[in-house]
Amino acid sequence: MESASLARTAAPPKGGSNVPLATTGLLIGRLLSVLDQTVVAIALPDIAADLGGMDAIGWIVTSYVLASTTTGALYGRISDRFGRRPVFLTAVAVFVAGLRTVRPGPDDAPADRRQDLPRHWGRSAVRAAHDRAVGAVPQHLRSRVQGLTGGVFALASVGGPLAGGAITDAWGWRWIFYINLPLGLLAMALTAFALRLPKPGRDGKVDLAGAVLIAGATVSLLLVAEWGGRTYAWTSGVILALIGAVALLAALFLWWERRAANPLLPLRLFADPTLRVALPATALLGALLGGSIVYLPTYLQAAYGMGATQAGLALNPYVLTFMVVSSLAGARVGASGRIKPYLLAGSAIAVLGFALLSRLTPDTSYVLLAVEIAMLGAGFGLLMQNLVVVAQNAASPADLAAATSAAVSVRGLGLSLGVAVFGTLLARELQGQNPSPVATAAAIPDVLFWGAPAAAVLVALMALLPRKAQHPTSGEATA
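Counting from -16, one number per residue, gives the positions in the sequence shown under our numbering.
Structure representation (structure tokens):
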């Protein structure tokens, strides 16, 4: 029934889902989970100015990814046991309720951003429930559905900066979060009315111990990336203790997952040669996404003196190309069954895109910049959703949900680490300088330079993907 709810548009059996409305509700839920990130990206310079300067940018993004990465797999397992529909509705409700904690006013301080965690947790559960439903789509249709999901992502990437820029310029950045309120209520109404799924089995226990261990390891790792070399020296006791905590908690997690009756992350996934390549590649892709989508809006405003609305419009070559390429590639992969050539092409284009962006100067015209960011968007459009499809196709039916959660979670972790690492590089470039728009604009291309060798590693990983990228029980190979 879950497959039918996303893959067919015919009328469902009596008492089943209203397929068009249910699908629309799920996609709106996915839209609002992405839109909340993109409206923030364009307002980052204004937010950072109010909350502590450029160093605050990393924390603004990390607070979201921290919540989503540490709880995403857990929410997926909860939805396996209690059902996609109730978890989805509860998640959207938590997200909408969390919006009231973002109070528009002049008295916000950095510590007050902790009150946003309910919104972040709710958004994480929305994403997990949506991705579980997409994972249930028949294999020959997954690329098409992931392409559609990529189109929703890109739509939010187009509309988010435009809406966020306009709202920031008109009323201030604190109002941007409320754009999600009507979307959240609409998603809840459509899904509650139209989505009907079979009751799941309730005999499996949720792996809470595994969730706590992986959350602790993730938090420690993100703190190392965020604090190391900036707040604390790399050889300081704080950083060394956090590194030790990462190693200890990761070892305990692996030990526990081998013994858990219903593990959060079945370690047998890593016995598959495709997943051993696809999951690290997905994490690396997340880091490249984070480094570009966070700092490109800042560069546009610093280098060209754009306001938030103008910068949102100026990002259109990046996000529109991403949207078109993602949708077309999903359709083509679904028709041909061949994924690897698209992944190789996407990673090679990303190398070229970062290399060109690293050569930006104060005299670079916006037209040339638009071509370069469009190239980067095309590369990511070929990669992002198709890497999730590779992970899904490589998993056995029993491990499909776990593989989907693993792919999405490691991409989120990579995104957060990418933002933190690129932020550390930016802080190093600005060390001893007044962080003026001129200095920031001069430093960001030097930071983006490091995306080129990272994307080259991605090319190598794509070349290592086995020719047969599907589980034997799933169908024909998709090399």
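Glycine included, C-beta positions come from ideal geometry on N, C-alpha and C.
Closest in alpha carbon position to T257, among A374, Y287, A270, A294, is A374. Bridge pairing for G211: Y215 [DSSP]. Check the Cα spacing between P436 and each of A353, A338, G313, T423: the tightest is with A338. Counting only runs of at least 4 residues, the segment 354 to 413 fully encloses the following alpha helix (DSSP H) elements, listed from N- to C-terminal order: 383 to 412.
Three or more beta-carbon pairs drawn from the segment 242 to 258 and the segment 375 to 388 are found closer than 8 Å, and the two stretches are therefore classed as touching. 8 Å or more divides the Cβ of P449 from the Cβ of G360. In this chain, the alpha helix (DSSP H) harbouring T423 covers 420 to 431.
In this structure, DSSP gives R251 a helical state, which the three-state scheme calls helix. Distance between A403 and E209, taken at the CA atoms: about 5 Å.
Residues S341, L408, E412 of the same chain have their beta carbon placed closer than 8 Å to that of D429, with the five preceding and five following residues left out of the count.
Judged by DSSP secondary structure, K188 falls outside any alpha helix (DSSP H); it is assigned neither H nor E. An exposed status is given to T218, since fewer than 16 other beta-carbon atoms sit within 10 Å of its beta-carbon. At a Cβ-Cβ threshold of 8 Å, L166 and I11 count as neighbours. Annotation: the continuous alpha helix (DSSP H) that includes W238 extends over 220 to 240. Separation of D152 and G295 (C-alpha to C-alpha, rounded to the nearest whole angstrom) is 11 Å.
Taking all protein chains shown into account, Y325 has 16 or more neighbouring C-beta atoms within 10 Å of its C-beta and is therefore buried. 8 Å or more divides the Cβ of A254 from the Cβ of A233.
Residue environment analysis places G227 among the exposed positions, since fewer than 16 neighbouring C-beta atoms fall within 10 angstroms of its C-beta. For P246, the three-state secondary structure derived from DSSP is coil.
In this model, V277 and L9 are separated by some 26 Å (Cα to Cα). In the DSSP annotation of this structure, the continuous segment of the alpha helix (DSSP H) that includes S330 starts and ends at 323 to 340. In the structure shown, the three-state DSSP call for G415 is coil. For S348, the three-state secondary structure derived from DSSP is coil. Contact between P345 and A286 holds: their C-beta atoms lie close to 7 Å from each other, under 8 Å. Non-local C-beta neighbours of Q293 in its own chain, meaning closer than 6 Å and more than five positions away in sequence, are absent. Residue burial annotation: Y282 is buried, with at least 16 other C-beta atoms found within 10 angstroms of its C-beta. Per DSSP, the unbroken alpha helix (DSSP H) holding R259 starts and ends at 256 to 287.
Per DSSP, reduced to three states, the secondary structure at P449 is coil, with no helix or strand assignment. Per DSSP, reduced to three states, the secondary structure at G167 is helical. Here E355 has G336, L339, L340 as same chain residues with Cβ atoms under 7 Å from its own Cβ, once five neighbours each way along the sequence are excluded. Going by DSSP, G295 is part of the alpha helix (DSSP H) stretching over 291 to 297.
Between the alpha carbons of V229 and G211 lies a distance of about 14 Å. For the set A312, G148, S203, the Cα lying nearest the Cα of L225 is the one of S203. For L343, the three-state secondary structure derived from DSSP is coil. Proximity to F432 across F405, F78, V442 peaks at F405, based on C-alpha coordinates.
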